[in-house]
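Going down the list, the sequences are from chains A and B. All residue numbers for the first sequence refer to the numbering used here, where the first residue is 1 and numbers rise by one. All residue numbers for the second sequence refer to the numbering used here, where the first residue is 1001 and numbers rise by one. Glycine included, C-beta positions come from ideal geometry on N, C-alpha and C.
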Amino acid sequence: MAQTIAEKILSRRAGKAVRAGDIVIVSVDGVMATDATAPMAIQAFREMGGRRPWDPTRTFLVIDHAAPAPNETVANLHRLMREFARETGCRLYDVGEGICHQLMVENGHVRPGDLFLGADSHSPTYGAVNAFGVGVGSTDLAAAMLTGKTWLRVPRTVRIVLHGGLRPGVTAKDVILRLVKELGADGANYRAIEFTGEAVHAMSLAGRMTLANMTAEMGAKTALVDPTGLRLDEPFEPVYPDPGAEYEATLTLDVSALRPQVARPHAPDNVVPVDEVQGTPVHYAFIGSCTNTRLEDLAAAAAVLRGRRLAAGVRLVIAPASKRVFEEALAQGYVATLLAAGATFIPAGCGPCVGSHLGVPGDGEVVISSANRNFRGRMGNPRAEIYLASPAVVAASALTGVITDPAEVG
Amino acid sequence: MTHQPIHGPAHVYGDNIDTDRIIPGKYTKTLDTAALAAHVLEDLDPEFSRRVRPGHILVAGRNFGCGSSREQAPVALKAAGVAAVIARSFARIFYRNAINIGLPVVEVEDHRIQPGDEVSIDLAAGLVINHTRGETYRAAAMPRQMMDILAAGGLVNYLSRHGDYV
Ligand code: SF4
Chain A
1 MAQTIAEKIL SRRAGKAVRA GDIVIVSVDG VMATDATAPM AIQAFREMGG
51 RRPWDPTRTF LVIDHAAPAP NETVANLHRL MREFARETGC RLYDVGEGIC
101 HQLMVENGHV RPGDLFLGAD SHSPTYGAVN AFGVGVGSTD LAAAMLTGKT
151 WLRVPRTVRI VLHGGLRPGV TAKDVILRLV KELGADGANY RAIEFTGEAV
201 HAMSLAGRMT LANMTAEMGA KTALVDPTGL RLDEPFEPVY PDPGAEYEAT
251 LTLDVSALRP QVARPHAPDN VVPVDEVQGT PVHYAFIGSC TNTRLEDLAA
301 AAAVLRGRRL AAGVRLVIAP ASKRVFEEAL AQGYVATLLA AGATFIPAGC
351 GPCVGSHLGV PGDGEVVISS ANRNFRGRMG NPRAEIYLAS PAVVAASALT
401 GVITDPAEVG
Chain B
1001 MTHQPIHGPA HVYGDNIDTD RIIPGKYTKT LDTAALAAHV LEDLDPEFSR
1051 RVRPGHILVA GRNFGCGSSR EQAPVALKAA GVAAVIARSF ARIFYRNAIN
1101 IGLPVVEVED HRIQPGDEVS IDLAAGLVIN HTRGETYRAA AMPRQMMDIL
1151 AAGGLVNYLS RHGDYV
């Protein structure tokens, strides 16, 4: 039976050949929860009678969503996580180490061929390393911590073939924004997405993570990126689809003519080419999130802002994806460049992405952000407007004070 | 455990209601379910948390609960008294989370439920009855695994009883 990547990975974990539509109980290779989901997961785990996770070395807790703690309630939830980690021996990433998905990939906790459960909707990001990453809620995660297993329906797969090469200044973010528009907010609900094609083969690990990350904005269960061209520190066994595997649909996009894309308020699928919103005044620029604050993202922003100053009345807030990214950006001089241009750095983590702290926009303010969601109220204020774009577009807009195509300020 | 009969008036909303509108991220960092209920649907309908009573039914359009994996979304609805959610379709994680915490969710592609209609749900038969309009709608089938979890009152009860998936 010819299989998709999703069917292959799930067959291995189910211990039998499975195909799309089957409901299976599968063993998991790792689980992760954050300060937004772990406290509830720990509570459910204890209510289930759990004492120690099935495998503490494969159980990861990350304090990233509201870190450092903005108030005593959150501080106590962080405490609960630390105590649980100490008691059970599972691995904890504390305040300032970075965003959960970045840490799982950067530290090799999720590997090609793995089935990895994250109590966070952007877990499909792990498809960048050829793993089946799936987002679940706290109770599902607790159940996996207890049993080392979960149940799921084997998803049908939509194949997306990206032909051609990206023009300079156009990035994986622009590709995925364009695709989210094409498929819509529920266009991939319950589906796996497989990405392939020469534009994918040419992508860096960071670009692949951006691509896989925003499949969450089409409702995808998981995303699997063709491992051709993938470079990791450790040798690995790639998982390819079989020739003749069955796809629900195949979508082809030639990216050679693609221009930078922007999602308008208040939906990530409300996407237009940058020209259509060019000139919209912005007050607040944010470079951050698990979508776009890796080293190449900071390099792109630094390239736009080198030797220049932010427009008057615009603030630029940057939350690096991880402490390691921050250190590398320091070593490369990007941090100095961005600081000199007027940017403000906040600790590695989710920062203002989810509206919990550190940079809530004011009423009527317009935000241009490199994150993945612009739902009303997402950044903590329902009266703010959020536009989503690549780090280069965010930096160019911070420079001019209006939404700007980076090619214009080259 | 057998299901309680579900019967109540409907609150009706539209398509693509994301988890940030069900419960904004800024309120989710708590284990206090009453605090969640106080802000449920706040950015969509500031009146909702005052109007909802135990047993009321929430009705929505397509892709209800899209966005974040926060389980606080179904928990907030349940804590506010919502007895069940009917939608034309659900986002995957929300649907699962709702079942896991014992909040019945029913997918009905085609219906004419209006605000205030008296609605009852027969989970076992997979039927939704609109008493106000004298109509019956068929719900999409739920996987057996989910039926079992819902019948147990949620995944915590299911696993404390069985110790593992069965
Ligand atoms: S950066 Fe934003 S989208 Fe990513 S995990 Fe954190 S809160 Fe979620």
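Between the CA atoms of residue j and residue i - distance to the nearest angstrom
i	j	result
R1112(B)	I1017(B)	19 Å
M1001(B)	G118(A)	Low confidence applies to M1001(B): its pLDDT is 43, below 50, so where it sits in the model is not reliable, and the reading given next is rough at best. Cα to Cα, M1001(B) sits roughly 30 Å from G118(A).
E365(A)	T404(A)	17 Å
P1143(B)	R19(A)	16 Å
V26(A)	A14(A)	5 Å
E194(A)	R1133(B)	45 Å
S289(A)	Y1137(B)	42 Å
L316(A)	R1051(B)	41 Å
Y284(A)	E408(A)	20 Å
L388(A)	C353(A)	11 Å
T88(A)	T147(A)	15 Å
V74(A)	L166(A)	42 Å
R58(A)	M40(A)	19 Å
E328(A)	R294(A)	10 Å
P56(A)	I42(A)	13 Å
M218(A)	D297(A)	23 Å
A249(A)	I160(A)	8 Å
S1160(B)	D233(A)	41 Å
Spatial neighbours of residue i in its chain, beta-carbon cut-off 6 Å, leaving aside the 5 residues before and after
i	result
D269(A)	V180, K181, G184 and A185
D22(A)	V154
A2(A)	D242, G244 and A245
P320(A)	T293, F326 and A348
A223(A)	P124, G127, I193, A212 and T215
L1058(B)	H1011, V1082 and V1085
Residue i CB to nearest heavy atom of the ligand SF4 below 7 Å
i	result
C290(A)	yes
A371(A)	yes
V74(A)	no
V354(A)	yes
I160(A)	no
C1066(B)	no
D1018(B)	no
D29(A)	no
C350(A)	yes
H101(A)	yes
D120(A)	yes
D269(A)	no
H357(A)	no
H78(A)	no
D64(A)	yes
N- and C-terminal bounds of the alpha helix (DSSP H) containing residue i
i	result
S397(A)	P391 to T400
T196(A)	Note, T196(A): premise wrong, no alpha helix (DSSP H); beta strand (DSSP E) at A192 to T196.
Q43(A)	A38 to E47
N1130(B)	It is not in any alpha helix (DSSP H) - N1130(B) instead sits in the beta strand (DSSP E) that spans L1127 to N1130.
Q261(A)	Run containing Q261(A): none in the alpha helix (DSSP H); it sits in the beta strand (DSSP E), Q261 to A263.
Y1095(B)	R1092 to N1100
Beta bridge counterpart(s) of residue i as assigned by DSSP
i	result
W151(A)	I25(A)
D254(A)	H163(A)
G118(A)	M32(A) and G135(A)
Y1158(B)	DSSP output for Y1158(B) lists no bridge partner at all.
P1009(B)	E1118(B)
V225(A)	F195(A)
E1107(B)	A1087(B)
V170(A)	In DSSP, V170(A) forms no bridge with anything.
C1066(B)	D1018(B)
V158(A)	I193(A) and A249(A)
A1060(B)	A1087(B)
T88(A)	Looking at the DSSP assignment, T88(A) forms no beta bridge with any residue, so it has no partner.
Element boundaries [beta strand (DSSP E), containing residue i]
i	result
P273(A)	V271 to P273
V314(A)	Unbroken run through V314(A): none, as it is neither H nor E.
A285(A)	Y284 to I287
E385(A)	E385 to L388
E1135(B)	E1135 to R1138
Beta-carbon proximity list for residue i, same chain, < 7 Å, skipping 5 on both sides
i	result
N1063(B)	D1015, N1016, S1089 and A1091
P281(A)	V366, G401 and V402
I1101(B)	E1071, P1074, V1075, K1078 and G1154
V1040(B)	I1022, I1023, F1048, S1049, A1076, L1077 and A1080
D174(A)	L258, P260, Q261 and S390
Contact set for residue i: own chain, Cβ-Cβ below 8 Å, skip 5 residues either direction
i	result
H201(A)	D226, T228 and G229
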